[in-house]
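Residue numbers (numbering that gives the first Met the number 0), protein chains in the order written: chain E, 0 to 309; chain V, 0 to 335.
First the structure, in the form of structure tokens, and then the observations on it.
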Amino acid sequence: MSTRTDKIDALSEQAARGDDAGVSLAAAAWRRLRRNPVFLVGSTIVLLFVVLAILSPFLAPHDPAVPMLGDQVVRARNQIPPVQEGHPLGGDQVGRDLLSRVLIGSQQTLLVGVLATLIGLAGGLVLGTLAGAMGGWVDTVVMRAVDVMLSIPGLLLAVSIGALFARPNQYTVILAVAVVQIPVFARLLRGSMLAQRHSDHVLAARALGVRQRSIVFRHMLPNSLGPVIVQATLVLAIAIIEAAALSFLGLGNPDDRLPEWGQMLGQAQNVIDSHPQLAFWPAGCIIVVALGFTLMGESLREALDPKSRR
Amino acid sequence: MALLEVRDLSVVFQRRGERPFTAVDGVSFDVEPGQTVGLVGESGCGKSVTSLAIMGLLAKRGVKISGSAKFDGTELLSLSDRQMRDRRGRDLGMVFQDPLSSLNPVVSIGLQVTEVLERHRDMSRKQASVEAAELLEKVGIPDPKRRLSEYPHQLSGGMRQRALIAIALACRPRLLIADEPTTALDVTIQAQILALLADLVRDTETALIMITHDLGVVAGLCDEVNVLYAGRVVERAGRHDLFRVPRHPYTHGLLASIPRLDAPRGERLSPIKGSVSDNIPWTTGCAFAPRCPNALDTCVQVTPAMEPDPVVAGPRLLRCHNPVEPATAAEQEIMS
Ligand SMILES: Nc1ncnc2c1ncn2[C@@H]1O[C@H](COP(=O)(O)OP(=O)(O)O)[C@@H](O)[C@H]1O
Ligand code: SF4
Ligand SMILES: [Mg+2]
Chain E
0 MSTRTDKIDA LSEQAARGDD AGVSLAAAAW RRLRRNPVFL VGSTIVLLFV VLAILSPFLA
60 PHDPAVPMLG DQVVRARNQI PPVQEGHPLG GDQVGRDLLS RVLIGSQQTL LVGVLATLIG
120 LAGGLVLGTL AGAMGGWVDT VVMRAVDVML SIPGLLLAVS IGALFARPNQ YTVILAVAVV
180 QIPVFARLLR GSMLAQRHSD HVLAARALGV RQRSIVFRHM LPNSLGPVIV QATLVLAIAI
240 IEAAALSFLG LGNPDDRLPE WGQMLGQAQN VIDSHPQLAF WPAGCIIVVA LGFTLMGESL
300 REALDPKSRR
Chain V
0 MALLEVRDLS VVFQRRGERP FTAVDGVSFD VEPGQTVGLV GESGCGKSVT SLAIMGLLAK
60 RGVKISGSAK FDGTELLSLS DRQMRDRRGR DLGMVFQDPL SSLNPVVSIG LQVTEVLERH
120 RDMSRKQASV EAAELLEKVG IPDPKRRLSE YPHQLSGGMR QRALIAIALA CRPRLLIADE
180 PTTALDVTIQ AQILALLADL VRDTETALIM ITHDLGVVAG LCDEVNVLYA GRVVERAGRH
240 DLFRVPRHPY THGLLASIPR LDAPRGERLS PIKGSVSDNI PWTTGCAFAP RCPNALDTCV
300 QVTPAMEPDP VVAGPRLLRC HNPVEPATAA EQEIMS
């Protein structure tokens with residue numbers, strides 16, 4: 000637990016240290032980022048992924064839901080349609096075109112990542128703002144709860160939440176993954192808000208009799224968002240991986256008409272010995288995309304960290 | 000009646016597990032309407048804490064404030080948070096030391112000015128931005144309309160402090176507290192900002208508390224000067240009296256450490272030896288005794304009281320057992 004919370008706190012401290020320069024700091028960070036190859040690789044991957052998700056309906060040669068090669072599937076003999084003309088990756092367990100499923104899968108995967116991150120972010124923003132702005136017992140109660148949640152390993156918590164739903168679907172998966180991220184965002188935001196609360200410009204605003212509401216929402220919250228945005232980038236990767244893990248553990252969305260990479264990977268586990276390609280393609284995509292988001296997030300984190308500046 | 004009456008103001012910081020620390024100890028002074036009063040002393044002597052206590056900006060927890068601070072007859076120290084918030088910015092304004100960190104880096108200058116106007120003067124967004132441009136113009140910021148849409152990092156240090164002065168004076172407070180407003184600025188800019196402040200408070204008849212560690216700043220600006228040492232006022236006098244005949248050895252030392260244009264070349268400045276140490280108990284003697292060239296045996300046994308100067312005529316108060324003789328003070332001035 001301590002390393003995890005330490006990491007979160009270290010990130011939120013950056014907001015405090017970088018505070019004075021503000022906009023100019025962001026500009027300087029961007030200048031550094033533009034020349035950082037790690038960031039360029041990461042953001043290129045992310046960009047390609049997003050473009051793929053948008054264009055996949057036009058790129059996919061077949062309908063991902065139709066088992067057009069169904070006659071080649073023989074369950075008893077573990078036969079799955081091989082690579083053939085018109086189907087460069089072959090078919091899946093029920094005879095649907097694998098290439099189309101991998102391509103269209105990017106859409107649902109992006110959706111899972113983005114929705115889970117947004118829900119986690121929203122929850123974290125509410126809790127973190129409450130704790131950071133009000134202080135006192137509200138802060139104590141919120142942070143106790145957050146620390147308890149942080150002390151449970153993320154995947155274990157996601158599995159427990161996922162298992163609460165009798166009939167899992169896409170949205171229970173997203174929810175389970177999102178809830179795990181709420182305490183991370185909350186702790187991060189609260190840390191930067193506390194630093195803001197003792198900053199000179201908040202003191203100056205208070206000296207002007209500015210209302211509490213605008214102190215919090217105009218003078219503290221926007222200045223605290225930097226590390227939260229960095230974390231959101233990293234969480235996009237985590238969410239996609241954890242959604243896959245849930246599927247692998249049988250807690251995924253059973254409705255596979257619209258494919259999602261994590262779900263495809265989960266379903267491939269029965270045939271992974273005889274037909275590793277069914278696992279290889281979705282797993283490869285997940286790894287590359289998660290790497291993209293992580294490279295982007297880490298280089299953002301580094302660019303915003305005054306300590307790492309040269 | 001004075002506009003601000005501070006009586007016996009004390010601030011004690013009490014952190015759990017730490018010894019209580021008295022940062023301000025029985026400070027009293029008055030500010031008349033339109034008057035400029037100086038609070039002078041080395042860094043750490045309690046100037047900022049005094050002003051924050053008056054403004055109601057100290058933390059609630061771990062801080063004990065006692066005494067009284069009456070503004071226009073109203074006891075500020077017993078106002079509720081809400082009442083105090085309504086007065087801050089409208090009746091009492093404040094300008095801080097570091098103009099860069101005192102402005103919100105991610106909010107435009109314009110919004111930071113209009114925010115206060117909307118809050119205290121019930122202006123619409125539109126009225127406020129017209130007024131904001133006028134305010135910036137008044138503090139000598141060129142091309143104010145364009146500046147309104149800019150962010151703090153796009154302004155120079157001097158311009159930022161001008162903007163902050165404009166914000167502090169936006170609602171025409173009757174009292175402005177300026178806490179070392181020029182310390183963070185280039186020397187060439189310092190004089191401009193001081194001149195601006197002097198002009199503004201004269202034109203708008205705003206009373207000003209000028210906080211500084213620099214007697215040179217006080218010299219050109221203040222009607223009356225309070226010299227602080229380790230949380231207490233040790234000497235109070237009119238500006239001319241204080242500079243002509245400094246009576247407290249600490250004031251004397253401060254004056255001797257200012258570089259003077261008319262000093263003979265090669266003459267060494269004589270800074271006061273030692274530094275303010277925060278564990279000197281005022282309760283059993285004079286806190287300045289370890290650094291004082293005039294110290295007597297009584298100085299470490301009996302705490303000197305704030306009393307009218309027995310020797311030099313005039314409305315001067317003094318906290319010292321063995322003040323600097325007026326003759327030597329005058330002589331030194333002639334000699335130097
Ligand atoms: N929040 C605080 N908690 C504890 N001590 C404080 C606090 N703020 C100021 N002090 C102490 O009070 C003394 C006076 O500080 P201050 O008023 O800021 O000095 P200055 O005259 O330089 O403005 C200093 O010794 C400082 O360390
Ligand atoms: S009371 Fe004594 S030690 Fe203190 S300033 Fe006066 S002469 Fe010096
Ligand atoms: Mg100070």
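Note that CB positions come from ideal geometry on N, CA and C, so glycine has one too.
Since the structure is predicted, the reported quantities are computational estimates derived from the model, not experimental observations.
*With 16 other Cβ atoms within 10 Å as the buried cut-off, status of E:Thr2*: Mapped onto the first sequence, residue 2 of chain E falls at position 3. Result: exposed.
_Rounded to whole angstroms, what is the Cα-Cα separation between E:Leu93 and E:Gln262?_
Walking along the first sequence from the start, residue 93 of chain E turns up at place 94. Walking along the first sequence from the start, residue 262 of chain E turns up at place 263. The amino acid at residue 93 of chain E is misidentified as Leu; the sequence shows Val. Looking at the two C-alpha atoms, the distance is approximately 15 Å.
*Would you verify that the beta carbon of V:Ser335 is, or is not, closer than 7 Å to some beta carbon of chain E?*
Counted from its first residue, the second sequence places residue 335 of chain V at position 336. For V:Ser335, the predicted model reports a pLDDT of 47, less than 50, meaning its position is unreliable and no value from the coordinates is stated.
*Under 6 Å Cβ to Cβ from V:Leu241, same chain only, skipping five residues before and after it: list those, please.*
For the purposes of this step, residue 241 of chain V is taken as the residue at position 242 of the second sequence. Closer than 6 Å at Cβ, skipping near neighbours: Val224.
*Please name the residue in V:Arg231, V:Gly237, V:Val233 and V:Asp7 whose C-alpha comes closest to that of V:Cys221.*
In the second sequence, the residue the question calls residue 221 of chain V occupies position 222. Of all alpha-carbon atoms in V:Arg231, V:Gly237, V:Val233 and V:Asp7, the one lying nearest the alpha-carbon of V:Cys221 is that of V:Gly237.
*Is any beta-carbon of chain E found at less than 7 Å from that of V:Arg87?*
Looking up residue 87 of chain V in the second sequence gives position 88. With 7 Å as the cut-off, V:Arg87 counts as an interface residue toward chain E.
*Return the residue from the list E:Leu207, E:Gly90, E:Gln78 and E:Ile240 that minimises the CA-CA distance to E:Glu283.*
For the purposes of this step, residue 283 of chain E is taken as the residue at position 284 of the first sequence. Residue identity check: residue 283 of chain E is Gly in the sequence provided, not Glu. Selected option, being the one with the closest Cα: E:Ile240.
*Between the C-alpha atoms of V:Gly2 and V:Ser50, what's the straight-line distance to the nearest angstrom?*
As a working mapping, residue 2 of chain V is identified with position 3 in the second sequence. As a working mapping, residue 50 of chain V is identified with position 51 in the second sequence. For clarity, residue 2 of chain V is Leu in the given sequence; the question names Gly instead. Rounded to the nearest angstrom, the two C-alpha atoms are 15 Å apart.
*Can V:Gly313 be considered in contact with ligand 1, in the sense that its beta carbon sits closer than 6 Å to one or more heavy atoms?*
The residue given as residue 313 of chain V occupies position 314 in the second sequence. Answer for V:Gly313: no, Cβ out of range of ligand 1.
_Against chain E: residues of the segment 92-106 of chain V by CB proximity under 8 Å_ = Gly92, Met93, Phe95, Asp97, Leu99, Ser100, Ser101, Leu102, Asn103, Pro104, Val105 and Val106
_Am I right that E:Pro167 and E:Leu250 are in contact with their C-beta atoms under 8 Å? What's the rounded C-beta distance?_
As a position in the first sequence, residue 167 of chain E is number 168, starting the count at 1. As a position in the first sequence, residue 250 of chain E is number 251, starting the count at 1. The distance from the Cβ of E:Pro167 to that of E:Leu250 is about 6 Å, consistent with a contact at the 8 Å cut-off.
_Quick check on V:Gly313: buried or exposed, where buried means 16 or more other Cβ atoms within 10 Å of its Cβ?_
To locate residue 313 of chain V, count along the second sequence from 1; it is residue 314. By the 10 Å Cβ count, V:Gly313 comes out exposed.
*State the CB to CB distance for the pair V:Ser123 and V:Leu147, rounded to an integer number of angstroms; the pair is presumed to be in contact (CB under 8 Å).*
Along the second sequence, read from residue 1 onward, the residue named residue 123 of chain V stands at position 124. Along the second sequence, read from residue 1 onward, the residue named residue 147 of chain V stands at position 148. Contact doesn't hold; Cβ gap of about 16 Å is too wide.
*Among V:Cys170, V:Leu116 and V:Thr35, which residue has its Cα nearest to the Cα of V:Arg201?*
In the second sequence, counting from the first residue as 1, residue 201 of chain V sits at position 202. Of V:Cys170, V:Leu116 and V:Thr35, the residue nearest in Cα terms is V:Thr35.
*Could you check what DSSP says for V:Glu4 in three-state terms: helix, strand or coil?*
On the second sequence, position 5 is the one that residue 4 of chain V refers to. V:Glu4 falls in the strand class under three-state DSSP.
*What residue range is occupied by the uninterrupted alpha helix (DSSP H) comprising E:Met192?*
Mapped onto the first sequence, residue 192 of chain E falls at position 193. Its alpha helix (DSSP H) spans residues Gln169 to Arg196.
_Positions along the segment 156-190 of chain E whose CB lies within less than 7 Å of some CB in chain V_ = none
*Hey, V:Met158 and V:Val232 are a contact pair by Cβ (cut 8 Å); roughly how many whole angstroms apart?*
Mapped onto the second sequence, residue 158 of chain V falls at position 159. Mapped onto the second sequence, residue 232 of chain V falls at position 233. Going by Cβ atoms, the distance from V:Met158 to V:Val232 rounds to 35 Å, so no, they are not a contact pair.
*In whole angstroms, what is the alpha-carbon distance linking E:Lys6 and E:Leu303?*
Position 7 of the first sequence holds residue 6 of chain E. Position 304 of the first sequence holds residue 303 of chain E. Approximately 15 Å, taken between the alpha carbons.
*Neighbourhood of ligand 2 [Cβ distance below 5 Å to any heavy atom], ordered by chain position*: Every residue passing the under-5 Å Cβ criterion appears here: V:Pro248, V:Cys285, V:Phe287, V:Ala288, V:Cys291, V:Asn293, V:Ala294, V:Cys298, V:Pro303, V:Cys319, V:His320 and V:Asn321.
_When you compare the CB of E:Ala52 with every CB in chain V, is at least one pair closer than 7 Å?_
Position 53 of the first sequence, counted from the start, is the residue given in the question as residue 52 of chain E. E:Ala52 does not count as touching chain V.
*Are at least three pairs of beta-carbons, each pair with one atom in the segment 291-300 of chain E and one in the segment 183-195 of chain V, less than 8 Å apart?*
With a cut-off of 8 Å, the segment 183-195 of chain V and the segment 291-300 of chain E do not count as touching, because too few Cβ pairs lie within range.
_Residues of its chain near E:Thr232, where Cβ-Cβ distance is below 7 Å and the 5 sequence neighbours each way are ignored_ = Your numbering for residue 232 of chain E matches position 233 in the first sequence. Around E:Thr232: Phe292, Met295, Gly296 and Leu299.
*By Cβ distance below 8 Å, which residues in the same chain neighbour V:Thr302 in space, the five residues on each side in sequence not counted?*
As a working mapping, residue 302 of chain V is identified with position 303 in the second sequence. The answer, listed in chain order, is Trp281, Thr282, Thr283, Gly284 and Cys285.
*Mark V:Ser9 as exposed unless 16 or more other C-beta atoms lie within 10 angstroms of its C-beta, in which case mark it buried.*
Against the second sequence, residue 9 of chain V aligns to sequence position 10. Buried, by the Cβ-count rule.
_At least three beta-carbon pairs within less than 8 Å, the segment 72-87 of chain V to the segment 52-59 of chain V_ = yes
*Could you tell me which chain E residues have their CB closer than 7 Å to the CB of V:Arg84, listed as they occur along the chain?*
Taking the first residue of the second sequence as position 1, residue 84 of chain V is located at position 85. Under the 7 Å cutoff, chain E gives Gly208.
*Of the residues that make up the segment 212-232 of chain E, which ones have a beta carbon closer than 8 Å to any beta carbon in chain V?*
Ser213, Arg217, His218, Pro221 and Asn222
_Give me, in chain order, the residues of the same chain whose beta-carbon lies closer than 6 Å to that of E:Arg308; leave out the 5 immediate sequence neighbours on both sides._
Indexing the first sequence from 1 puts residue 308 of chain E at position 309. Here the model assigns E:Arg308 a pLDDT of 48, short of 50, so the residue's position is not dependable and the matter cannot be decided.
_When you compare the CB positions of E:Ala28 and E:Leu154, do they come within less than 7 Å of one another, or not?_
Taking the first residue of the first sequence as position 1, residue 28 of chain E is located at position 29. Taking the first residue of the first sequence as position 1, residue 154 of chain E is located at position 155. No, the Cβ-Cβ distance between E:Ala28 and E:Leu154 is not below 7 Å.
_Which of the three DSSP states is assigned to V:Thr21 in this structure?_
In the second sequence, residue 21 of chain V corresponds to position 22, counting from 1. Of the three classes helix, strand and coil, the one that applies to V:Thr21 here is strand, per DSSP.
*asked:* Please state the DSSP three-state secondary structure of V:Ile176.
replied: As a working mapping, residue 176 of chain V is identified with position 177 in the second sequence. In this structure, V:Ile176 counts as strand in the three-state DSSP scheme.
_Threshold first: 3 residues or longer. Then list the beta strand (DSSP E) segments lying entirely within the segment 156-200 of chain V, N to C._
Runs of the beta strand (DSSP E) inside the segment 156-200 of chain V: 174-178.
*Report the option in E:Asn222, E:Asn77 and E:Leu47 whose CA atom is closest to the CA atom of E:Ser191.*
The count along the first sequence starts at 1 and reaches residue 191 of chain E at position 192. Of the listed residues, the one whose Cα sits closest to E:Ser191 is E:Asn222.
*asked:* Let's see if you can read the secondary structure: which residues bound the beta strand (DSSP E) around E:Ala231?
replied: Here the question's residue 231 of chain E lines up with position 232 in the first sequence. Unbroken run through E:Ala231 is the alpha helix (DSSP H), Leu220 to Phe247; no beta strand (DSSP E).
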